[in-house]
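Residue numbering for the sequence shown follows the working numbering, beginning at 1186 and increasing consecutively. Ideal Cβ positions, reconstructed from N, Cα and C, are used throughout, including at glycine. Bear in mind the structure is a predicted one, so any value in this text is a computation, not a measurement.
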Amino acid sequence: VVHLYNNSTRYDAALPTWEPTEITATNANGLSYTTETNQAGEFAFDLPDGSWDVSVVDERLNASSVENLVANRSNTEGPSMVELIVEPEAIEVELHVYLNAAEDGTFDNGTAVSPAFGLKPIDSTRETLYFHAEDYTEPGVITVALTPGGYDIVFNRTGASDENATDYDLVADQFFDALRIGLDPVEEPVNVALKNTYLVSGTLFNTTNEGIANDFLLYNEADDEWFNIGSDENGSFAAYVPEGHWLAIVAPFDNANHTETLRQPILVEEDSSRNGLSLTTEVSVEVTMQLMEAVTDAALSDMTVTAVSHDGFGNITFDRTDADGNSTELIMPGNWSFYFNRTIGTKSWFMDTSESPFTTDDADENNVLVLDPVYAALEVEIGGKVYWDLDNNSVPGLG
């Protein structure tokens, strides 16, 4: 039997990188026999009488040997049990740990990080190996020495609201394959890519400085991505949010005798201010606009107009206009303009008031603002046929 490092663990097919081990038996005359271990790590010889030395051929296994094993066919006792122990040198493996910032799975384009982690042997009789930030030779680069076998990469993942929450989420960008360590050197670094997310935390307050429970949204316009986040009864919130430029959006809600809302940009990056945030809602402004067609002064009904913030609060789509072209929406205080682009059949309407935005500072004491009508220019597509009326009959001909 061949054992691995001790006489309790066999060097057998249970190891992910195992291969049959070649064993030789040699006598004093130089006669030798060779065999291989089976999947259980066992081997057997049928040797002539005499004294034999039994050894492992592969020098990488750094194996023990048995000398002067006596073979005696006249012996009525059972065959001798030969136990060999292999002690291969540990293999150095370089790991690259990073946030997959560029989403291309490469360390060079990622954000190097140095979290603590464990390598858990697939063999349950072996103990987990633990590594810490001080074990890295440089950010994201760590070299570990591993003996043959399989290892699972294990992170101590925390919840975003935990007191000891990590600054980024310790979750794989894709499923981690087990490390398979054999006898040969591992030439290429092993990439350990984590999701490109960072901890965002803070408190949501209303206008009376009370922490409030609310399910709100983050919106990333560049990627057209939404992220749900929620605060508890004290207003506290925490989540691991993908890197990027986000807009926190609290939908209008009633508080006492008014309505409040919030739109606030949040930058989520490695070095951005994203923890301990104080998000405070503001009293909403009720804005009424009227959409008209230029030249004809006709009301444009059943149309949707977009309000565009000039303060980084994103866009808000007003409800469809009524029969008189009116629409009303609750919006965040600030400076806004309107954008409208609609095509129906051969008619196209366009409007962009970004050169002359309106301000909610003009609202009345009840936070109501009724705007002057806004006008959309109409374009009509026309078509026809140009031809030479050679025969003077006002009908296009073939030639």
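Nearest-angstrom beta carbon gap, residue j and residue i [assumed within contact, 8 Å]
i: P1201; j: G1334; result: 7 Å
i: P1179; j: E1467; result: Here the chain covers residues 1186 to 1584 and nothing more, so residue 1179 does not appear.
i: V1472; j: I1516; result: 5 Å
i: E1373; j: A1330; result: Their Cβ separation, rounded to whole angstroms, is 17 Å, which puts E1373 and A1330 out of contact at 8 Å.
i: G1510; j: M1477; result: 6 Å
i: L1355; j: R1342; result: 4 Å
i: M1474; j: V1559; result: 6 Å
Residue burial classification, residue i (beta-carbon count within 10 angstroms, cutoff 16)
i: I1567; result: exposed
i: L1575; result: exposed
i: D1557; result: exposed
i: P1370; result: exposed
i: A1287; result: exposed
i: G1530; result: exposed
i: W1411; result: exposed
i: L1384; result: buried
i: T1272; result: The displayed chain sequence assigns Glu, not Thr, to residue 1272. Exposed, since its Cβ has fewer than 16 Cβ neighbours within 10 Å.
i: A1441; result: exposed
i: P1581; result: exposed
i: F1360; result: exposed
i: S1463; result: exposed
i: W1573; result: exposed
i: H1317; result: exposed
i: H1188; result: buried
Continuous beta strand (DSSP E) stretch holding residue i: start and end
i: E1566; result: Neither: E1566 is in no beta strand (DSSP E) and is coded neither H nor E.
i: Y1196; result: Run containing Y1196: none; DSSP gives neither H nor E here.
i: H1281; result: 1276-1284
i: P1306; result: 1302-1306
i: Q1449; result: 1443-1453
i: Y1572; result: Where Y1572 is concerned, there is no enclosing beta strand (DSSP E), given that its DSSP letter is neither H nor E.
i: W1239; result: The sequence as given places Val at residue 1239; Trp does not occur at that position. Segment 1235-1241, the beta strand (DSSP E) holding V1239.
i: N1131; result: With the chain covering 1186 to 1584 only, the question about residue 1131 has no answer from this structure.
i: S1416; result: 1410-1416
i: Y1425; result: 1421-1427
i: Y1336; result: 1334-1339
i: N1212; result: 1207-1212
i: D1537; result: 1532-1537
i: Y1353; result: No beta strand (DSSP E) holds Y1353; DSSP gives it neither H nor E.
i: L1216; result: From DSSP, L1216 is part of no beta strand (DSSP E); its letter is neither H nor E.
i: Y1190; result: Run containing Y1190: none; DSSP gives neither H nor E here.
i: L1368; result: It is not in any beta strand (DSSP E) - L1368 carries neither H nor E in the DSSP assignment.
i: L1331; result: 1326-1331
i: N1500; result: 1500-1502
i: L1476; result: 1470-1478
i: V1493; result: 1491-1494
Where residue i sits in the DSSP three-state scheme
i: D1400; result: strand
i: A1318; result: helix
i: D1557; result: coil
i: R1459; result: coil
i: D1576; result: coil
i: E1244; result: helix
i: D1546; result: helix
i: S1522; result: strand
i: T1291; result: coil
i: E1373; result: coil
i: V1271; result: strand
i: P1437; result: strand
i: E1252; result: strand
i: F1390; result: strand
i: L1485; result: coil
i: A1508; result: coil
i: W1203; result: coil
i: T1343; result: coil
i: L1364; result: strand
i: E1467; result: strand
Within-8 Å CB hit, residue i to chain D
i: F1498; result: This model lacks chain D altogether, as it is built from one protein chain only.
(message) With a threshold of 8 Å, are at least 3 pairs of Cβ atoms found where one atom belongs to the stretch 1323-1339 and the other to the stretch 1278-1292?
(response) yes
(request) Assess, as a yes-or-no matter, whether the stretch 1449-1459 is touched by the stretch 1414-1430 under the definition of 3 or more beta carbon pairs within less than 8 Å. (result) yes
(request) May I ask you to verify whether the stretch 1434-1449 touches the stretch 1532-1542, counting CB pairs closer than 8 Å and requiring at least 3? (result) no
(message) Between the stretch 1294-1306 and the stretch 1202-1220, can you find at least three pairs of beta-carbon atoms closer than 8 Å?
(response) no
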